[in-house]
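Engineer:
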Amino acid sequence: MAKCYHLALLQPDEEPAFYTLAADRVLLGRGRDSRIPLDVSSVSTRHCELERTDKGYQLRDLGSKNGTLVNGQAVGKTPALLNHGDLLVLGELVTFHYTESAEISDASSQKRAAEERAGREQAKKPILPPMVNPVAAAVAAATQKLRR
Numbered sequence: 399m400a401k402c403y404h405l406a407l408l409q410p411d412e413e414p415a416f417y418t419l420a421a422d423r424v425l426l427g428r429g430r431d432s433r434i435p436l437d438v439s440s441v442s443t444r445h446c447e448l449e450r451t452d453k454g455y456q457l458r459d460l461g462s463k464n465g466t467l468v469n470g471q472a473v474g475k476t477p478a479l480l481n482h483g484d485l486l487v488l489g490e491l492v493t494f495h496y497t498e499s500a501e502i503s504d505a506s507s508q509k510r511a512a513e514e515r516a517g518r519e520q521a522k523k524p525i526l527p528p529m530v531n532p533v534a535a536a537v538a539a540a541t542q543k544l545r546r
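Residue numbers (the numbering used here): 399 to 546.
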C-alpha cells in the first residue's frame, strides 16, 4: 500500500495548517515560487526543499540565512531523510510536524482517516504559553522525543 506524506504547520496562537505532500519537489520559503509560502522574516526566499525518494521525503537547506533543523539537528546541503513524527524548524519561528500515513482508496474510509489524523495532529500540537520562545520549545520537544 502506498504512503501519503503530510506537513502540519504549527504556529503559536494559530490553528495548525495541514499540507499533503504530492509533488516530487516542494519548495518552502518566502518566494512566490514556494509551494508552501511562509511570510516570516526569519525564513529565506528559497529556504529549503523537500524531495520525494523511494523511502519518503528528504529535506535540504538551500543556504538559508537562519538555518533549518530536524529534531533539533541542523540540516546543511546534505539532505536529511525525514521520518514519521519529525519536527522541522525553519528560521527562528516556523515549526512543522512531518507525518506519514497509508493511502486509502475508498472515499468514506479516506474521510474517516482524515478526521482521525486531524484529531491526532491536534492532540500533538504543542501547547505553548503566549510568551514562550517557539524555537526553544521546538528544540526541547525534539530533544525530549529523541530521549524516549
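Where is the CB? At the ideal position from N, CA and C, for every residue including glycine.
Bear in mind the structure is a predicted one, so any value in this text is a computation, not a measurement.
Leaving aside the five residues before and after L425 along the sequence, list all residues of the same chain whose C-beta is less than 7 Å from its C-beta, in chain order.
Structural biologist: D431, S432, R433, R444 and E447
Engineer: Is the stretch 479 to 486 touching the stretch 451 to 466 in the sense that three or more CB pairs, one from each, lie closer than 8 Å?
Structural biologist: yes
Engineer: In whole angstroms, give me the CA-to-CA distance for E513 and T476.
Structural biologist: 35 Å
Engineer: Quick one: what's Q456 bridged to in DSSP?
Structural biologist: E449 and L479
Engineer: Here's the rule I'm using: 16 or more other beta-carbon atoms within 10 Å means buried, otherwise exposed. How should A420 be labelled?
Structural biologist: exposed
Engineer: Which residues bound the beta strand (DSSP E) around A406?
Structural biologist: K401 to L408
Engineer: In the DSSP assignment, find the beta strand (DSSP E) that holds R423 and state where it starts and stops.
Structural biologist: R423 to G427
Engineer: Using DSSP with H/G/I as helix, E/B as strand and the rest coil, what is A362?
Structural biologist: The requested residue 362 does not occur in the structure, where the chain is confined to residues 399 to 546.
Engineer: Taking G470 as the reference, which of R450, E449 and H495 has the closest Cα?
Structural biologist: H495
Engineer: Just the Cα atoms here: how many angstroms apart are R423 and A478?
Structural biologist: Between R423 and A478, the C-alpha separation is close to 14 Å.
Engineer: Given this structure, state the Cα-to-Cα distance separating S440 from N481, to the nearest angstrom.
Structural biologist: So the two alpha carbons sit approximately 25 Å from each other.
Engineer: In whole angstroms, give me the CA-to-CA distance for V473 and R458.
Structural biologist: 7 Å
Engineer: With DSSP as the reference, label E498 as helix, strand or coil.
Structural biologist: E498 falls in the strand class under three-state DSSP.
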